[in-house]
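These notes concern the structure reproduced below.
Chains as they are written, first to last, in the numbering used here: chain A, 1 to 295; chain B, 1 to 462; chain C, 1 to 424.
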């Protein structure tokens, strides 16, 4: 039941969004052409190579024929009005949609030229390589130490206690949290502030040394100061990780990402260098969105 | 008239009162220019008259029906010749049952002493008289109160608010019945328990290791009153409950986990109701199953291994009780597991944990307090369970931890001591109430703690 | 980067072990469900296996020569003569005729083939129609319980067959010729309890249960609904309300036997109400089921959306009018469902009824709320305690009847919920 509930909460507004007829807002020529993305969706030697991706919730087509490359060590931001499918698309990249019974994914999704949805593909291994940070901070009701050590423990990454201590310390350092919590590693994580919790979740994700970190609106539940800290962290992390971030805030996308992808009603409308998207968008829908005409 | 018939009569009066009240309000409104000049709708005037008529009459009826039996008993006893007047409550109840047997024709009058036969006749006469008085009184009250209510109808009377206030008080009384029930339970066990401790010392009851209420074990005990040490009952109850928990907790918990985390909607839709069927089966059926199928099977099986097992082994009663409790544990665990936020599941899965790792290392620890609360409720249910142990556990109060031996429980002893003829001042009967008091306190304590834990747990994730 | 590579390698190495654990954990879950379900299946199979034969009765059909001389009876309308007359003799003679190999010395063995109450049946027939004297009539009687057991369970080792070799031979022959026959056991459904298993029935217990349930429903439904309305709609936020709620929640978890103690101490000892009667049983079960009904009724009231209330209040309805005209009808299906489930619990309840004396051996079908009675689950308890397997057989059959009622009630509740409950 829970799995279904999440679908409802994260994608509930799909029909509502559909109710806003695109034709009424825009003249007829801006109707989106399926599968056609303006800008530079492709890259050489990409980390993710995604072709003709479609996602269905039961009969509903939530993602409509999207093709996109995500380059190594880039930060790419997904923006768009709520219900446009950006979170759904993100969750395909580490198969988090698997737990939703009615969700089906079509098309070719490759990570390092290996198919993500291959039946022989191992989800556990995939997720160890593609970590994820969620909208709401979700630390486990355990100590700070145990939260960070959770991943390394289940994957058997540390043989000795001292190895594990090192991993925990490094991860917390990378997440910029070490100085704040080093004296209270045994305190429960749920007692921390929202921003600390979110950075802890990032530390938890990078403790298993993933190659990619997916972030689903990581700052939407945080105050501006905490948001600034997380954004700083993203910039630092981009040196060693590929980061895909879904965000509601265009300013955030502008601040942290190298490239920006604009989603609209399940279509990928435009992908371009972030500067370009925000200064001279090619597509009219992108322009109306960033100028605040809807969304 | 029988109370049931009288009740129908009162209802008929109530209907008539409603009609009269309705009509009167209309006829009062007529000269004023219609019912819109009334303070309330005619319906409320009718309802008000009906309440005036019905409530006092029903209260009189209920009180009379409740107390007539006792009053008649006292009158009959009081009229007996002095040499027959019973000495204690025990004798009185024996005598009374004799008299009422004669009165109901179950015992021919020729078989008893003349005064008893006379008392029986007197009993019959008093009963007839009581019915007559009751009928007259109830009818009189209904008519009089109904008339008073009817005559006071006037256009300015706010009948609606009166009716609504009365209804509200009736609703309140219904809710307050819960308090009355608790008070009733507390008083009915407390009173007799108090009398029990006047006969038997606290120390013997709580620390005595011999339980044998029917026969005297030592010379210094009161004649035909045995030993009242509840330790063996206590341990017996715990042994059987522990066995039940050993069966119910893993099976219930694991099936709840499987159904909520692994099974798809269709599988859950089939198996959940099937599991819940186990909860709908009456306990007497489980008792039957335990006593006649499981217990013989266990003792035969043990015998084939060369082990000696009682034909009323604690294992049989406890095991079957465990089966009964499975759905209880599983549905409580299911609630608790589902209350763990989905974000924790996602968080763990996104780190590459398998489902079982997520379950064991994240969800289960998070749900543990709630599950503990559920288990405490299940324990309270196990120690209060009666029929299975009455049918499948023994009567012998053995102090043992061997599940293949026969033990007895608190509930078994309550039933044994209180079925059949009782004398209300013997330590034996009073002991049953003392055991009842212990049982009530123990389950109350467990429930309060468990509910508190569960509530706290729920708040944590709300 | 190398760090990430080596980590990925470590993860890959751990997979096999972890998936093995995963499979094991999943298997535990399946095993748990299998255990619970097999317990259910075994329970049902056991009860049906033990009880299905109780629905079959064994009869003996005889050509009875109602010979007045042999019965010391020359006028069947004379009650004094009827009392003295020998109604066994014609039966024995009729049986002897069917068993030519039986001699005079076998009279007792022959007599023991037919039910001891068969002579009463003959007497009642004569009483009704005195003309039958000195005629020959074809009459069907119940067999002796021992014959019944032999016919139904000859190959079953758990039953001890009490007939001797000679009798078995006779019964086999009679069965072949159709004199001894089996048929649907209508006796089981049309009589009260009896010391003779063949004549024991559950009608008395069913009627007792019905009367008790009528009392329980008539009291607990209105009181429960009223209490729920009060707590949901009218109760102020204060200590008293909290106390009522705490009481209700605790009463819901108090062992049922405690309610029996309450009934014994209050209804019987304090109020002097009679023992073993449906009214007292109904009162006790009312107190026991009330918490269930209140809790489910409250849930039903809660599920009525506030918009309905606001709409009604908006046009000037009083609080009571809103509740009685709008909330109550909409909550009714949920309340009914909860009450049916509460009634099903009460119908299966045994322990508290033992304490208020509903365990008496009662032959007559009760004819009123103040008449001594027993109920179905107590009847099961009484028969289950008997050493005679023929009673165990009937206890199982009574369980089957009880479970049928319960399944029917639950099905009704589910149907009601599906049919009437709205989704908001």
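Even glycine gets a Cβ: it sits at the ideal position worked out from N, Cα and C.
Whole-angstrom distance between residue j and residue i, CA atom to CA atom
i                     : j                     : result
residue 366 (chain C) : residue 280 (chain C) : 14 angstroms
residue 18 (chain B)  : residue 325 (chain B) : 51 angstroms
residue 61 (chain C)  : residue 140 (chain C) : 4 angstroms
residue 20 (chain C)  : residue 247 (chain B) : 25 angstroms
residue 22 (chain C)  : residue 360 (chain B) : 10 angstroms
residue 219 (chain B) : residue 408 (chain B) : Low confidence applies to residue 219 (chain B): its pLDDT is 47, below 50, so where it sits in the model is not reliable, and the reading given next is rough at best. Cα-Cα distance, rounded: 25 angstroms.
residue 223 (chain B) : residue 418 (chain B) : Its pLDDT being 47, under 50, residue 223 (chain B) is placed unreliably by the model, and nothing is read from it.
residue 131 (chain A) : residue 171 (chain A) : 13 angstroms
residue 337 (chain C) : residue 414 (chain C) : 7 angstroms
residue 147 (chain A) : residue 208 (chain A) : 12 angstroms
residue 72 (chain B)  : residue 100 (chain B) : 11 angstroms
residue 197 (chain A) : residue 357 (chain B) : 22 angstroms
residue 112 (chain A) : residue 175 (chain A) : 26 angstroms
residue 312 (chain A) : residue 165 (chain A) : For residue 312 (chain A) there is no data in the structure shown, the boundaries of chain A being 1 and 295.
residue 65 (chain B)  : residue 81 (chain B)  : 28 angstroms
residue 36 (chain A)  : residue 265 (chain A) : 14 angstroms
residue 336 (chain B) : residue 370 (chain B) : 6 angstroms
residue 232 (chain A) : residue 72 (chain A)  : 20 angstroms
residue 153 (chain B) : residue 24 (chain B)  : 7 angstroms
residue 102 (chain A) : residue 265 (chain B) : 11 angstroms
residue 276 (chain B) : residue 28 (chain B)  : 60 angstroms
residue 345 (chain C) : residue 378 (chain C) : 14 angstroms
Pair within 9 angstroms by beta-carbon distance, residue i and residue j
i                     : j                     : result
residue 331 (chain B) : residue 29 (chain C)  : no
residue 283 (chain B) : residue 385 (chain B) : yes
residue 290 (chain B) : residue 391 (chain B) : yes
residue 88 (chain C)  : residue 137 (chain C) : no
Residue range of the alpha helix (DSSP H) that includes residue i
i                     : result
residue 342 (chain B) : 342-350
residue 227 (chain A) : 224-237
residue 121 (chain C) : 118-128
residue 146 (chain C) : 145-153
residue 338 (chain A) : In the structure as shown, chain A begins at 1 and stops at 295. Residue 338 (chain A) is therefore absent and cannot be evaluated.
residue 147 (chain B) : 114-151
Element boundaries [beta strand (DSSP E), containing residue i]
i                     : result
residue 110 (chain A) : 103-111
residue 261 (chain A) : 259-264
residue 245 (chain A) : 242-246
residue 138 (chain C) : 136-142
residue 184 (chain C) : 180-184
residue 272 (chain A) : 267-273
residue 130 (chain A) : 130-133
residue 215 (chain A) : 212-216
Review point. What residues in the stretch 360-376 of chain B have a beta carbon less than 9 angstroms from any beta carbon of chain A?
Key: 361, 362, 365 and 366
Practice item. Report the residues of the stretch 177-204 of chain C with a CB closer than 8 angstroms to any CB of chain B, ordered along the chain. Key: none
**Study point:** chain A contacts from the stretch 343-362 of chain B (Cβ-Cβ distance under 8 angstroms)
**Key:** 343, 344, 345, 346, 347, 348, 349, 350, 351, 352, 353, 354, 357, 361 and 362
Practice item. Scan the stretch 35-123 of chain A and note each continuous beta strand (DSSP E) run of 3 residues or more that stays entirely inside, going in chain order. Key: 48-57, 60-70, 75-79 and 103-111
Review point. According to a CB-to-CB cut-off of less than 7 angstroms, which residues of the stretch 255-270 of chain B neighbour chain A?
Key: 264 and 265
Exercise for review: Run through the stretch 172-246 of chain B for me and flag every whole alpha helix (DSSP H) of 4 or more residues, listed as ranges in chain order.
Suggested key: 202-207
Point to revise | Length-filtered (4 minimum) alpha helix (DSSP H) runs lying within the stretch 308-392 of chain C | key: 328-348, 351-355 and 376-384
Practice item. Please specify which runs of the alpha helix (DSSP H), each continuous and at least 4 residues long, are wholly inside the stretch 239-306 of chain B, giving them in chain order. Key: 265-280, 283-289 and 295-304
Practice item. Could you name the residues of the stretch 106-140 of chain A whose beta carbon sits closer than 8 angstroms to any beta carbon of chain C, in the order they occur along the chain? Key: 122, 124, 125, 128 and 129
Review point. In chain order, which continuous runs of the alpha helix (DSSP H) of length 4 or greater are located wholly inside the stretch 351-408 of chain B?
Key: 355-358, 364-384 and 387-392
**Study point:** chain B contacts made by the stretch 70-103 of chain A, where a contact means CB separation under 8 angstroms
**Key:** 94, 96, 99 and 101
Check your understanding: Hey, which unbroken runs of the alpha helix (DSSP H) at 4 residues or more fall wholly within the stretch 43-115 of chain C?
Key -> 68-71, 79-84, 88-98 and 107-111
Review point. Closer than 8 angstroms, Cβ to any Cβ of chain C: which residues of the stretch 156-169 of chain A, in chain order?
Key: 156 and 157
Review point. Taking any Cβ of chain B, which residues in the stretch 268-285 of chain C have a Cβ under 8 angstroms from it, in chain order?
Key: 269, 270, 271, 272, 273 and 274
Practice item. May I ask you to list, following chain order, the residues of the stretch 183-213 of chain A that have a beta carbon less than 8 angstroms from some beta carbon of chain B? Key: 201, 204, 205 and 208
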